[in-house]
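*Asks:* For the sequence shown, this note's numbering begins at 36 and goes up steadily by one.
Cβ coordinates follow ideal geometry from the N, Cα and C atoms, glycine included.
It should be emphasised that the depicted structure is a prediction, and the values quoted were computed from it without experimental measurement.
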Amino acid sequence: MKNISKDVAISFHQVLLKNAEQWPERTYVHCVDQGKSINYGALYSISNRVAGFLNNRKIKANDRILLLAENSVENLIIFTSVLRYGATLATVHVEMNEEHLSEIVRAVSPKIVLFQEDLELQKLKYDLPGEWIAIGDWQENIGAATGFFDILGSFSETDNISSVASPSDHAVIFYTSGTVAKPKGVIQTHETAFYNYDATADYLELEPGDKVFDCRSYSWLSAQHMSLGAPLVSGATVVMAKKFSKSNYFNWLKDSEANVAFVVPTIVNMLINKPEKISGKDLPNLRFLTSSSAPLLEKQWIAFEKLYGIKLAQSCGSSEGGNTAAHRGSDRKIGSIGPAQKYQDIRIVDLGGKKLGRGEVGEIIVGGGKQQAYGYLMPSGVIERLPIDGYHSGDLGFFDEDDHLHITGRLKELIIRGGMNISPLEIDGVLMHHPCIVEVGTIGVPHPIYGEEVVSYIVFGSGVKISEAEIVEFCVSKLPKAKIPKAIYTLNELPKNSRGKLDRSALASHYQINFSKTADWL
């Protein structure tokens, strides 16, 4: 289904300038953890200083600036200011294991790395490229700033340096949690980023002066589009927290007077399983919460709305294809994802590529329109273009009679744990490095909170055996906590198909029959 609109893209320099001229005193971002805010007028001023700094460093279009930081006001200042200048900003989830982080820095090959000092990432700089600068602390009085923001004091806040980018130059590189064993960067152009932000603002029905709340990391697509870019292009306000807190969440929504807030199904499940004493009547400004990053089950959707009296909407997208489909808060259909978003062309096809009609299940193809990413930054540093005729999502779904998209499953074997994409091959690769293990098969199994959890089946070498605890300990230094298998099961041999390939579906069936009702970690 198509939702194609006319060209409206403008440069991010123009966006920041327009906002500063129209709403100089309006807050762009407030961080509840820092108790700090910056308004649109001050944002444009500091972006001019950043432009002066980057120009002084002879940074050109497509030169890369790497940002290694948690959520903060400083994070969003740097993000928007690099876009305003026209360079390329690369973002990385800082809780990634050190080996992958090193690989990513090498692949990005940044001219400058801006890092949060208390994360102790600077130890990576001794054998990695780029000029490394501690971010420090932004203050509206530039004389009180530290780190990078102190350096910016040497540059003018009024020099209106033009953007160095064209619409087709690279704007953002972000790393997904990975559909392959090694993470690949996804590249968006300046034009693509703008259209994604504009489409998101459209389905969120954002108006100038609205307030949105988010507590997800700004290192990945969903938060960048929904609560960084969409408010920016619509003149709205971002209220952020560094991380989700169940005990503080509704107080944050109430105190911020948020109109829209963002969740993932894991958060919805937590709020259902251990309810808070609050209802929609206590949050008169809140229009709806929107859930993304993983499917929201209809049962959970209904239970949440019944429990709290707060509307939920759902959206879906991909790093490669952009924001695909979504409900407007004013037009929801429980059980579906919603209609195609602005600037999108979505097709459902069979395995042979034939387009299917309403009600017919097939693979979801996101047409190569204005939201589609430019390509991948491979681990080798090579850029691999995405096909211009559309991105194969690997998801199965159909359009109903109202042109709402429904997702019914996945062609891929990806594990989706709390919105994080986990490659079974990555887990297999780590476990296979253990000297006692000769075969591994990792799968995702149902979990009431996270949607899916990671479990691994292993085969020991002849005459050897170690405990599950020892295997888990082996993983601790090699995998993020969320990717460490929750359970390890031992078999004499792993099931294979007729071609000798590992049969993960057979492992899933084995788990369902033997462990799904007795697992003590559920």
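Go through its chain and collect everything with a Cβ distance to V507's Cβ below 8 Å, but skip five positions before and after it.
*Replies:* Reading the sequence shown from its first residue, position 472 is the one you call residue 507. The residues are I519, P520 and I523.
*Asks:* Under a three-way DSSP split, which group does L514 fall into?
*Replies:* Mapped onto the sequence shown, residue 514 falls at position 479. Three-state result, L514: coil.
*Asks:* Does the separation of the CB atoms of V489 and R539 fall below 8 Å?
*Replies:* The residue you call residue 489 lines up with position 454 of the sequence shown. The residue you call residue 539 lines up with position 504 of the sequence shown. Contact: no.
*Asks:* Using three-state DSSP, classify N456 as helix, strand or coil.
*Replies:* As a position in the sequence shown, residue 456 is number 421, starting the count at 1. Three-state DSSP puts N456 in a strand.
*Asks:* P422: buried (16+ other C-beta within 10 angstroms of its C-beta) or exposed?
*Replies:* Here residue 422 is taken as the residue at index 387 of the sequence shown, counted from 1. By the neighbour-count rule (16 or more Cβ atoms within 10 Å), P422 is not buried but exposed.
*Asks:* Let me know the secondary structure DSSP gives Y210 once reduced to three states.
*Replies:* Residue mapping note: residue 210 aligns to position 175 of the sequence shown, counting from 1. If DSSP states are grouped into helix, strand and coil, Y210 belongs with the strands.
*Asks:* Return the chain-ordered ranges of every beta strand (DSSP E) run that is complete within the stretch 62 to 134 and spans a minimum of 3 residues.
*Replies:* List check, beta strand (DSSP E) in window: 62 to 66, 71 to 74, 99 to 103 and 123 to 126.
*Asks:* What are the boundary residues of the alpha helix (DSSP H) that includes L51?
*Replies:* Position 16 of the sequence shown, counted from the start, is the residue given in the question as residue 51. Segment F47 to Q57, the alpha helix (DSSP H) holding L51.
*Asks:* Helix, strand or coil: how does DSSP classify I177 here?
*Replies:* Here the question's residue 177 lines up with position 142 in the sequence shown. Residue state, collapsed to three classes: helix.
*Asks:* If you count every other CB in all the chains shown that lies within 10 Å of the CB of T193, and 16 or more means buried, which is it?
*Replies:* Sequence index remark: in the sequence shown, residue 193 carries index 158 (1-based). Answer is exposed; the Cβ neighbour count stays below 16.
*Asks:* Please list the terminal residues of the continuous beta strand (DSSP E) segment that includes Q335.
*Replies:* Within the sequence shown, residue 335 is the residue found at index 300, counting from 1. No beta strand (DSSP E) holds Q335; the alpha helix (DSSP H) holding it covers E333 to Y343.
*Asks:* Compare the C-alpha of D204 against each of T211, G220, K500 and T224 and name the closest.
*Replies:* For the purposes of this step, residue 204 is taken as residue 169 along the sequence shown, with counting starting at 1. The candidate whose alpha carbon is nearest that of D204 is T224.
*Asks:* Tell me which residue opens and which closes the alpha helix (DSSP H) that M275 is part of.
*Replies:* In the sequence shown, the residue the question calls residue 275 occupies position 240. Looking at the DSSP string, M275 is not in any alpha helix (DSSP H); the run it does join, the beta strand (DSSP E), is T272 to M275.
*Asks:* With DSSP as the reference, label I400 as helix, strand or coil.
*Replies:* In the sequence shown, counting from the first residue as 1, residue 400 sits at position 365. Strand.
*Asks:* With a cut-off of 8 Å, do at least 3 Cβ pairs link the stretch 161 to 169 to the stretch 142 to 149?
*Replies:* These segments touch.
*Asks:* How close, in whole Å, do the beta carbons of L101 and L156 come, if the pair is a contact with beta carbons under 8 Å?
*Replies:* The residue you call residue 101 lines up with position 66 of the sequence shown. The residue you call residue 156 lines up with position 121 of the sequence shown. 10 Å between Cβ atoms; not a contact.
*Asks:* Do S350 and A360 count as a contact pair if the criterion is CB distance below 8 Å?
*Replies:* Translated into the one-based positions of the sequence shown, residue 360 becomes position 325. Translated into the one-based positions of the sequence shown, residue 350 becomes position 315. It is a contact, given that the beta carbons lie within the stated cut-off.
*Asks:* Let's test the definition: count the other Cβ atoms within 10 Å of the Cβ of E242 and tell me whether it reaches 16, buried, or not, exposed.
*Replies:* The residue labelled residue 242 in the question sits at position 207 within the sequence shown. Classification for E242: exposed.
*Asks:* Closest by CA to G498, which one among E105, Q49, C471 and V143?
*Replies:* Position 463 of the sequence shown, counted from the first residue, corresponds to residue 498. Cα-wise, what sits closest to G498 is C471.
*Asks:* Does the Cβ-Cβ distance between D435 and R393 come in under 8 Å?
*Replies:* The residue given as residue 435 occupies position 400 in the sequence shown. The residue given as residue 393 occupies position 358 in the sequence shown. Cβ atoms of D435 and R393: closer than 8 Å.
*Asks:* Return the CA-CA distance between A296 and S282, expressed in angstroms with no decimal places.
*Replies:* Numbered from its first residue, the sequence shown carries residue 296 at position 261. Numbered from its first residue, the sequence shown carries residue 282 at position 247. Cα to Cα, the separation comes out at about 16 Å.
*Asks:* Distance, Cα to Cα, K312 vs V50?
*Replies:* The residue labelled residue 312 in the question sits at position 277 within the sequence shown. The residue labelled residue 50 in the question sits at position 15 within the sequence shown. K312 and V50: Cα-Cα distance of roughly 40 Å.
*Asks:* Would you list the residues sitting across from R420 in a DSSP beta bridge?
*Replies:* Here residue 420 refers to the residue found at position 385 of the sequence shown. Paired residues: G410.
*Asks:* Mind checking who I478 pairs with in its DSSP beta bridge?
*Replies:* For the purposes of this step, residue 478 is taken as the residue at position 443 of the sequence shown. Paired residue(s): V490.
*Asks:* Around the Cβ of E133, are there at least 16 other Cβ atoms within 10 angstroms (buried) or fewer (exposed)?
*Replies:* Numbered from its first residue, the sequence shown carries residue 133 at position 98. So E133 counts as exposed.
*Asks:* Can you give the Cα-Cα distance for K93 and K341, rounded to whole angstroms?
*Replies:* The residue labelled residue 93 in the question sits at position 58 within the sequence shown. The residue labelled residue 341 in the question sits at position 306 within the sequence shown. Roughly 57 Å separates the two Cα atoms.
*Asks:* Cα separation between G404 and E503?
*Replies:* Within the sequence shown, the letter at position 369 stands for residue 404. Within the sequence shown, the letter at position 468 stands for residue 503. Answer to the nearest angstrom: the Cα atoms are 48 Å apart.
*Asks:* Ignore the nearest five residues each way along the sequence and tell me which others in D237's own chain have a CB closer than 7 Å to its CB.
*Replies:* By one-based count along the sequence shown, residue 237 stands at place 202. Cβ within range, chain order: K377.
*Asks:* Return the first residue and the last residue of the alpha helix (DSSP H) that T227 is part of.
*Replies:* Taking the first residue of the sequence shown as 1, we reach residue 227 at position 192. Start and end: H225 to L239.
*Asks:* As a quick exercise: from L446, L514 and G425, pick the residue whose alpha carbon is nearest that of G464.
*Replies:* Your numbering for residue 464 matches position 429 in the sequence shown. Closest option to G464, Cα to Cα, is L514.
*Asks:* Does the count of Cβ pairs from the stretch 121 to 139 and the stretch 64 to 73 closer than 8 Å reach three?
*Replies:* Contact fails: fewer than three Cβ-Cβ distances are below 8 Å.
*Asks:* Taking DSSP as the reference, what is the three-state secondary structure of G182?
*Replies:* Position 147 of the sequence shown, counted from the start, is the residue given in the question as residue 182. Coil at G182, not helix or strand.
*Asks:* Just to confirm, are F279 and I307 a CB contact at a threshold of 8 Å?
*Replies:* By one-based count along the sequence shown, residue 279 stands at place 244. By one-based count along the sequence shown, residue 307 stands at place 272. No.
*Asks:* Grouping DSSP H, G and I as helix and E and B as strand, with all else coil, what is N304?
*Replies:* In the sequence shown, residue 304 corresponds to position 269, counting from 1. Helix at N304.
*Asks:* Three or more C-beta pairs under 8 Å: does that hold for the stretch 179 to 199 against the stretch 65 to 85?
*Replies:* Counting Cβ pairs under 8 Å, three or more are found: they touch.
*Asks:* So is Y546 buried or exposed if we call it buried at 16+ other beta carbons inside 10 Å?
*Replies:* On the sequence shown, residue 546 is found 511 positions in, with the first residue counted as 1. So Y546 counts as buried.
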